[in-house]
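Notes follow the structure.
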Amino acid sequence: MKNLINQILDVATSCLAFIALIFILPPFLCLKFFLSSLNFIFSENVSGKVVLITGASSGIGEHLAYEYARRGAKLALVARRRQRLQDVAETSRYLGAPDVLVISADVTKVGESKHFINETVNHFGGLDHLLNNAGISTMSMLEEFPDITNVAPVMETNFWGSVYSTHFAIPHLKASRGKIIVTASSGAWLPVPRMAFYSASKAAVLSFFETLRVELGGDIGITIVTPGLTESELTKGKILSKDGKMVLDQNMRDASLPRIFSRVAFQKIR
Ligand SMILES: NC(=O)c1ccc[n+]([C@@H]2O[C@H](COP(=O)([O-])OP(=O)(O)OC[C@H]3O[C@@H](n4cnc5c(N)ncnc54)[C@H](OP(=O)(O)O)[C@@H]3O)[C@@H](O)[C@H]2O)c1
Ligand SMILES: *[C@@H]1O[C@H](CO)[C@@H](O)[C@H](O)[C@H]1NC(C)=O
Ligand SMILES: *[C@@H]1O[C@H](CO)[C@@H](O)[C@H](O)[C@H]1NC(C)=O
């Protein structure tokens, strides 16, 4: 019986895949190509604009800084590790950023968030793009936490960290008709074991900024980025352990990340 169902499903999915390949894929690729050419032609000139990036000391944030630097933006780089930020600042200046401000701060502290927005605006005279990118992950199951409050930093960093800086930046972004860019994750809608807290924090980010987009109307543009796996300190296994400490745990990473891929594959064939 199970075999028969499997065979029927096999035939059905092959037919569907064939139909999709012939009738849906080409128009989709054309549309994608058209939209990306539009983006290319009408892309924003960020030369001389003021861009604040949280989580700029490594990974995605660091490389966002370099992309903005190449396009001549002025940068405010925020994270806790000052020395790493200074190295990123130096490379950014070399790549073409005319002015780079380094601010060591913790996005989970509301006072520090207020301060880094204030310092950026005082230094540059305004703010054009706010990139809420700082984030941490955890890869433990709910049942494994000896003290459930150990996992609170995930929500405090990924959700509240983005909310605090946005709150203080909004008046300045309204004045410049600027943009908010926030790094959510494909985890926001993909249920993967051991990633419940991370995924929930990113689903909160997604929902919050989609609602904010409606609240703000056209005053401030909001871009929500949902990357898949991207090489960074996070994917090298830097995670919040079940004991509430940031650790480098490559075994845990190897146990969790392949499941993300199999889950993606599973969703595709279902
Ligand atoms: N890599 C992926 O596959 C992937 C996929 C989807 C989404 N993302 C998201 O992308 C964003 C960047 O992550 P990444 O992959 O580039 O990892 P990463 O290399 O570990 O970078 C995380 C950054 O966040 C900063 N940060 C962490 N806690 C902070 C705090 N309390 N205050 C200020 N800064 C803090 C870190 O700097 P300090 O330690 O110096 O403070 C670091 O600069 C995260 O939001 C992550 O969830 C990543
Ligand atoms: C981008 O903006 C800068 C500063 O406003 C200006 O000097 C430059 O010519 C602009 N570049 C393009 C390609 O429009
Ligand atoms: C913000 O900047 C103003 C100067 O423009 C300063 O008077 C004020 O104390 C600053 N506030 C914080 C929290 O840094």
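Sequential numbering from 50 applies to the sequence shown in the numbering used here.
Cβ atoms here follow ideal geometry from the backbone N, Cα and C, with glycine treated the same way.
In the three-state reduction of the DSSP assignment, Ser85 falls in the helix class. In the displayed model, Thr272 falls within a strand according to three-state DSSP. Under the three-state reduction of DSSP, Asn207 is assigned to helix. Proximity annotation: ligand 2 has residues Asn94, Ser96 and Gly97 in chain order, each selected because its CB is closer than 6 Å to a heavy atom of the ligand. The residue from Asp136, Arg142 and Arg131 with its alpha-carbon nearest to that of Gly121 is Arg142. For Lys287, the enclosing beta strand (DSSP E) has its first and last residue at Lys287 to Leu289.
Using a cutoff of 6 Å, the CB of Ser107 counts as near ligand 1, since one of the ligand's heavy atoms is closer than that. By the beta-carbon neighbour count (other beta carbons within 10 angstroms, threshold 16), Leu53 is exposed. The alpha-carbon separation between Thr198 and Tyr213 amounts to approximately 21 Å.
Contact between the region 132 to 152 and the region 180 to 193 is absent, with fewer than three C-beta pairs closer than 8 Å. The C-alpha of Phe217 lies about 16 Å from the C-alpha of Glu264.
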